[in-house]
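**Q** In the working numbering, the protein residues as written are 99 to 737.
Pasting a structure here, questions to come.
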């Protein structure tokens with residue numbers, strides 16, 4: 099290759115992902131708090147778009163409202179919402195302590211592994227990795243489905259092409275994150291803040307509107323239950339199911355403690371403030387939306403693959419109106435809701451690759467996952483997350499109803515292990531105030547464990563058992579990978595200094611595909627390595643052998659050409675058989691294989707050749723007792 103030309107793959111990569119960033123640039127990719135909030139908190143904040151909705155669905159609000167019990171169910175809706183917000187406050191306080199105790203990143207895996215042991219740490223890691231994949235799938239599916247009632251997308255036929263739109267969204271998110279964390283945060287900040295602002299405006303007008311003369315539009319609130327749905331009897335099971343459903347609001351809460359290294363300045367302090375802001379926004383929006391849902395007697399149902407309009411759609415329609423001069427606020431709210439639900443998946447894109455890299459460094463996942471790409475992100479982890487999420491979307495056909503039962507159990511398992519680990523951390527450290535800190539984390543551990551039991555019980559038959567099996571399989575995979583790496587390290591470890599071995603005699607096998615100018619450098623190199631050189635040709639074309647021998651005699655002189663017969667026109671088997679014969683004969687020698695290779699200067703020229711050298715290299719990779727060397731002959735630039 100001549101001049102300043104570069105491979106087309108490299109050019110395309112730079113065009114799509116941007117110029118490589120040096121390691122010195124890492125500090126410039128760190129996040130300010132205003133950008134970190136949408137990156138790490140969009141998952142948690144976006145959950146208010148469906149958390150109240152799931153509570154209403156479980157309580158059977160519509161059937162009992164028509165039966166004259168709407169006030170009772172309204173009270174339980176607010177009670178359950180309040181309990182979940184209280185639980186959120188406990189978890190935020192617990193992770194506030196974790197952020198300062200583990201300034202390099204205090205995810206459940208690290209805290210559990212250091213304080214509870216390797217196995218609890220691996221269980222926490224498996225739970226989180228699975229939940230990150232589910233976060234991407236659920237958030238994107240919910241966001242795309244939310245657009246189906248927006249007039250702007252009436253002709254997009256979203257319901258008919260749901261899987262395609264979900265896959266496109268995953269592709270966009272994967273691409274944005276491959277460009278770099280700071281760029282993705284800058285892209286995702288406006289929709290997050292727009293969603294928060296519009297929700298607060300909707301809540302404010304929903305509460306204070308009557309005093310301001312604001313006109314509501316109750317005709318956009320669903321007043322009917324699905325066909326054949328009867329009123330349910332209020333009981334403990336119904337309340338537990340509603341609470342389990344509503345706890346979907348808690349997913350993503352741990353993300354900030356995982357991402358501490360991505361913050362600028364005082365990392366722990368800025369991460370803690372971001373965690374607090376996330377908790378306050380999530381809690382207040384969750385309470386506000388549940389209050390409005392009760393006030394407007396919102397009904398939500400799912401039946402036979404069909405659903406009522408989403409709760410937030412009904413509320414924004416009732417408060418802003420779907421027609422008239424403020425209808426743009428309804429459209430803006432729906433667009434912002436759809437965007438933040440789709441972009442909530444970015445929390446997983448921030449944390450899945452980072453957790454995978456930590457597991458990789460600890461030898462529980464392939465080493466490639468710890469490699470930082472030229473844009474200072476974990477490319478392999480980002481791509482892996484995108485692929486798994488896309489597969490899940492295809493398998494579940496983009497259905498939120500089919501994905502939700504798999505959700506949240508992993509998060510609360512990780513919460514419980516992490517907070518239990520923090521109790522032991524404070525007990526062993528015994529720093530000032532350790533008793534109070536241990537008590538806070540202990541309360542968090544007990545609370546999240548009780549919620550975990552509720553979710554596991556309520557959602558087990560709905561699909562949670564699949565998540566439990568997957569976690570067990572992942573833990574087994576972690577341990578198997580770790581054993582492999584430990585075995586390799588044991589074999590390669592220098593236990594004691596050994597005397598330097600005597601020089602090895604080389605037996606060189608030079609592969610001769612044909613006699614051309616590119617073979618000559620390989621022949622010269624073979625002669626420089628050893629006087630024992632054997633030139634070998636696999637006779638795929640018997641009619642050309644005589645001419646080949648004559649040409650070889652002219653250039654090689656004293657080195658005879660050994661022709662291996664191949665009656666079935668196969669290249670690799672005769673060669674492997676001959677190499678085994680050489681090794682059996684020369685038991686004290688190092689057998690070296692020389693592959694001459696002519697290298698075109700244009701990328702598309704490779705498509706015009708049969709890649710024999712590449713095929714041979716792949717075949718010889720299975721023979722660890724051979725040394726294989728390529729001698730490349732660059733061709734001149736042509737057309």
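C-beta atoms are modelled at their ideal positions from N, C-alpha and C, and glycine is treated no differently.
Predicted model, so just to flag it, every value in this text is computed and none were measured.
How would you call residue 306, buried or exposed, if buried means at least 16 neighbouring beta carbons within 10 angstroms?
**A** Residue numbering aside, residue 306 sits at position 208 when the chain shown is read from its first letter. Per the 10 Å Cβ criterion, exposed.
**Q** Please state whether DSSP places residue 572 in a helix, a strand or coil.
**A** Here residue 572 refers to the residue found at position 474 when the chain shown is read from its first residue. Reduced to three states, the DSSP call for residue 572 is helix.
**Q** Of the residues 648, 491 and 500, which one's Cα is nearest the Cα of residue 261?
**A** If you number the chain shown from 1, residue 261 lands on position 163. For the residues 648, 491 and 500, the minimum Cα distance to residue 261 belongs to 491.
**Q** Return the Cβ separation of residue 467 and residue 478 in integer angstroms, given the expectation that the two are a contact with Cβ distance under 8 Å.
**A** Taking the first residue of the chain shown as 1, we reach residue 467 at position 369. Taking the first residue of the chain shown as 1, we reach residue 478 at position 380. Confirmed, Cβ separation roughly 5 Å.
**Q** Any contact between the region 341-359 and the region 202-218? By contact I mean 3 or more CB pairs, one from each, below 8 Å.
**A** Judged by pairs of C-beta atoms under 8 Å, the region 341-359 touches the region 202-218, as three or more such pairs exist.
**Q** Using the rule of at least 16 other Cβ atoms within 10 Å of the residue's Cβ for burial, across every protein chain shown, is residue 732 buried or exposed?
**A** As a working mapping, residue 732 is identified with position 634 in the chain shown. Under this definition residue 732 is an exposed residue.
**Q** Where does residue 315 fall in DSSP's three states?
**A** Residue 315 sits at position 217 when you count from the first residue of the chain shown. Three-state result, residue 315: coil.
**Q** For residue 557 and residue 155, I'd like the C-alpha separation in whole angstroms.
**A** Mapped onto the chain shown, residue 557 falls at position 459. Mapped onto the chain shown, residue 155 falls at position 57. Roughly 15 Å separates the two Cα atoms.
**Q** Can you give the beta carbon distance from residue 646 to residue 613, rounded, assuming they're within the 8 Å contact cut?
**A** Numbered from its first residue, the chain shown carries residue 646 at position 548. Numbered from its first residue, the chain shown carries residue 613 at position 515. Sure, about 6 Å apart at Cβ, within 8 Å.
**Q** Is residue 134 closer than 8 Å to residue 361 when the C-beta atoms are compared?
**A** Working through the chain shown from its first residue, we reach residue 361 at position 263. Working through the chain shown from its first residue, we reach residue 134 at position 36. Yes, the pair counts as a contact, with Cβ atoms nearer than the cut-off.
**Q** Assign residue 635 to one of three DSSP states: helix, strand, or coil.
**A** Against the chain shown, residue 635 aligns to sequence position 537. It is a strand residue.
**Q** So, with DSSP's three-state summary, where would you put residue 218?
**A** Within the chain shown, numbered from 1, the residue matching residue 218 stands at position 120. DSSP places residue 218 in helix when its eight states are reduced to three.
**Q** What are the residues that DSSP puts in a beta bridge with residue 730?
**A** Within the chain shown, the letter at position 632 stands for residue 730. Answer is 695, bridged to residue 730.
**Q** Going by alpha carbons, who is nearest to residue 225 out of 137, 562 and 341?
**A** By 1-based counting over the chain shown, the position of residue 225 is 127. Comparing Cα-Cα distances from residue 225 to each of 137, 562 and 341, the minimum goes to 562.
**Q** Pick out whichever of 445, 550 and 515 has its Cα sitting closest to the Cα of residue 290.
**A** What you label residue 290 is simply residue 192 of the chain shown in a count that begins at 1. Out of 445, 550 and 515, 445 has the C-alpha closest to the C-alpha of residue 290.
**Q** Is the beta carbon of residue 238 closer than 8 Å to that of residue 388?
**A** Numbered from its first residue, the chain shown carries residue 388 at position 290. Numbered from its first residue, the chain shown carries residue 238 at position 140. Against a cut-off of 8 Å, the Cβ pair of residue 238 and residue 388 comes out as no contact.
**Q** Does DSSP put residue 738 in a helix, a strand or coil?
**A** Outside the shown range of the chain (99 to 737) lies residue 738, about which nothing can therefore be said.
**Q** Exposed or buried, residue 442, counting other C-beta atoms within 10 Å across all chains shown (16 or more means buried)?
**A** Numbered from 1 along the chain shown, position 344 holds the residue referred to as residue 442. Residue 442 should be labelled buried.
**Q** If you drop the 5 nearest sequence neighbours on each side, which residues of the same chain put their C-beta closer than 7 Å to that of residue 549?
**A** Position 451 of the chain shown holds residue 549. Cβ within range, chain order: 185, 345 and 510.
**Q** Mapping DSSP to helix, strand and coil, what is residue 197?
**A** On the chain shown, position 99 is the one that residue 197 refers to. Three-state DSSP puts residue 197 in a helix.
**Q** Cα separation between residue 725 and residue 690?
**A** Here residue 725 refers to the residue found at position 627 of the chain shown. Here residue 690 refers to the residue found at position 592 of the chain shown. Distance between the alpha carbons of residue 725 and residue 690 is about 5 Å.
**Q** Taking the alpha helix (DSSP H) that residue 481 falls in, what are its first and last residues?
**A** For the purposes of this step, residue 481 is taken as residue 383 along the chain shown, with counting starting at 1. From DSSP, the alpha helix (DSSP H) with residue 481 extends over 477-493.
**Q** Going along the chain, which residues of its own chain have a beta-carbon closer than 8 Å to the beta-carbon of residue 331, five neighbours each way excluded?
**A** Residue 331 sits at position 233 when you count from the first residue of the chain shown. Note on residue 331: pLDDT 47, under 50, position unreliable in the model; the coordinate value appears next. Closer than 8 Å at the Cβ level, and outside the excluded window around residue 331, lies no residue.
**Q** Determine the direct distance from the alpha carbon of residue 728 to that of residue 779, and round the result to whole angstroms.
**A** For the chain, the structure presents residues 99 to 737; residue 779 sits outside this window and is missing.
**Q** Consult DSSP for residue 256 and reduce its assignment to one of helix, strand or coil.
**A** Looking up residue 256 in the chain shown gives position 158. Residue state, collapsed to three classes: coil.
**Q** Going by C-alpha to C-alpha distance, which of 631, 476 and 132 sits closest to residue 274?
**A** Reading the chain shown from its first residue, position 176 is the one you call residue 274. Checking every option, the nearest Cα to that of residue 274 belongs to 476.
**Q** Using the three-state DSSP reduction, which class does residue 611 fall into: helix, strand or coil?
**A** Reading the chain shown from its first residue, position 513 is the one you call residue 611. Correct three-state label for residue 611: coil.
**Q** For residue 230, which residues from the same chain have a beta carbon less than 7 Å from its beta carbon, with the 5 sequence-adjacent residues on both sides left out?
**A** Here residue 230 corresponds to residue number 132 of the chain shown, with the count starting at 1. Hits under 7 Å: 446, 449, 450 and 483.
**Q** Run the CB neighbour count on residue 236, radius 10 Å, all protein chains shown included, and call it buried at 16 or more, exposed below.
**A** For the purposes of this step, residue 236 is identified with residue 138 of the chain shown, where counting begins at 1. Residue 236 comes out buried.
**Q** How close, in whole Å, do the beta carbons of residue 390 and residue 508 come, if the pair is a contact with beta carbons under 8 Å?
**A** On the chain shown, residue 390 is found 292 positions in, with the first residue counted as 1. On the chain shown, residue 508 is found 410 positions in, with the first residue counted as 1. About 30 Å; that fails the 8 Å criterion.
**Q** Can you tell me which residues form a DSSP beta bridge with residue 660?
**A** As a working note, residue 660 is residue 562 in the chain shown. For residue 660, which the question treats as bridged, DSSP gives the partners 634.
**Q** Rounding to the nearest angstrom, what Cα-Cα distance links residue 423 and residue 258 in this structure?
**A** Start at 1 with the first residue of the chain shown, and residue 423 comes out as number 325. Start at 1 with the first residue of the chain shown, and residue 258 comes out as number 160. In a straight line, the C-alpha of residue 423 is about 31 Å away from that of residue 258.
**Q** Do residue 624 and residue 659 have their beta-carbon atoms positioned less than 8 Å apart in this structure?
**A** What you label residue 659 is simply residue 561 of the chain shown in a count that begins at 1. What you label residue 624 is simply residue 526 of the chain shown in a count that begins at 1. The answer is no: Cβ separation not under 8 Å.
**Q** How should residue 485 be labelled, buried or exposed, when 16 other C-beta atoms within 10 angstroms of its C-beta is the threshold for buried?
**A** For the purposes of this step, residue 485 is taken as the residue at position 387 of the chain shown. Label assigned to residue 485: exposed.
**Q** Could you round the C-beta distance between residue 504 and residue 553 to whole angstroms and report it? I think they count as a contact, below 8 Å.
**A** Mapped onto the chain shown, residue 504 falls at position 406. Mapped onto the chain shown, residue 553 falls at position 455. 11 Å between Cβ atoms; not a contact.
**Q** Is it the case that the region 426-433 contacts the region 334-343, given that we only count it when at least three CB pairs across the two stretches are under 8 Å?
**A** no
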